[in-house]
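A.B. asks: The structure's right below; bear with me while I get my questions together.
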Amino acid sequence: MNDPISDMLTRIRNANRALLPNVELPHSQIKESIAVILKREGYIADFSVEGKLPKTIKLKLKYQGKKSIIEGLRRVSTPGLRRYVGATKIPRVRGGLGVAVLSTSEGLVTDVQARKRNLGGELICYVW
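Note that the working numbering has the sequence shown beginning at 46, numbered continuously upward.
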């Protein structure tokens, strides 16, 4: 697997389309940080880290009737083409209705937090 973050987003997207209640994925620190942001922003109901050595992350997805709370996920910076933005050039996702996840010197933050702290960094993904 060349891009584990893209794999995570694809698994979430596929589970949403299939209306699955949970999705499991291999653990890494950056994926756990993305899960924390998704929970804090209200896109997923809950997540947990399970297992000893081959750890997994189990995400509990949120639905409104038969419609997923997450309308879309898009990977921005890829291993082949990294996308970096300065603090003044951070894009707004869907006119402020979505969230951009950035990797900064202070860890993974949302676009709103990065603007507040005047931080730039690598654009990881968009969630709306």
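C-beta atoms are modelled at their ideal positions from N, C-alpha and C, and glycine is treated no differently.
In this text, all values refer to a predicted model and were calculated from it rather than measured experimentally.
Under a Cβ-count criterion, where at least 16 other Cβ atoms within 10 Å of its own Cβ denotes burial, should D91 be classed as buried or exposed?
C.D. replies: With fewer than 16 Cβ atoms within 10 Å of its Cβ, D91 is classed as exposed.
A.B. asks: What would DSSP say about R120, mapped onto helix, strand or coil?
C.D. replies: R120: strand per DSSP, three-state reduction.
A.B. asks: Can you tell me the Cα-Cα spacing of N61 and I102, whole angstroms?
C.D. replies: Rounded to the nearest angstrom, the two C-alpha atoms are 16 Å apart.
A.B. asks: Cβ of L147 within 6 Å of any heavy atom in the ligand PLP?
C.D. replies: Here there are no bound small molecules, and the ligand PLP is not part of this structure.
A.B. asks: Where do the ends of the beta strand (DSSP E) carrying I89 lie?
C.D. replies: Note, I89: beta strand (DSSP E), 89-95.
A.B. asks: Count the other C-beta atoms from every protein chain shown that fall within 10 angstroms of the C-beta of Y129, then say buried if there are 16 or more, exposed otherwise.
C.D. replies: Exposed is the call here.
A.B. asks: Starting from S78, trace the beta strand (DSSP E) both ways and give me its first and last residue.
C.D. replies: Not the beta strand (DSSP E): S78 falls in the alpha helix (DSSP H), residues 74-85.
A.B. asks: Cβ of V144 within 7 Å of Cβ of T155?
C.D. replies: Yes, the Cβ-Cβ distance between V144 and T155 is below 7 Å.
A.B. asks: Run through DSSP, which three-state label would K111 get?
C.D. replies: Note: K111 maps to coil in three-state DSSP.
A.B. asks: For the beta strand (DSSP E) containing L106, name the first residue and the last one.
C.D. replies: Residues 101-106.
A.B. asks: Is it buried or exposed for S150, if we count other Cβ within 10 angstroms and need 16 for buried?
C.D. replies: By the neighbour-count rule (16 or more Cβ atoms within 10 Å), S150 is not buried but exposed.
A.B. asks: Determine the extent of the alpha helix (DSSP H) in which I57 is found, giving its start and end residues.
C.D. replies: Note, I57: alpha helix (DSSP H), 49-62.
A.B. asks: Secondary structure at G140, three-state DSSP: helix, strand or coil?
C.D. replies: If DSSP states are grouped into helix, strand and coil, G140 belongs with the helices.
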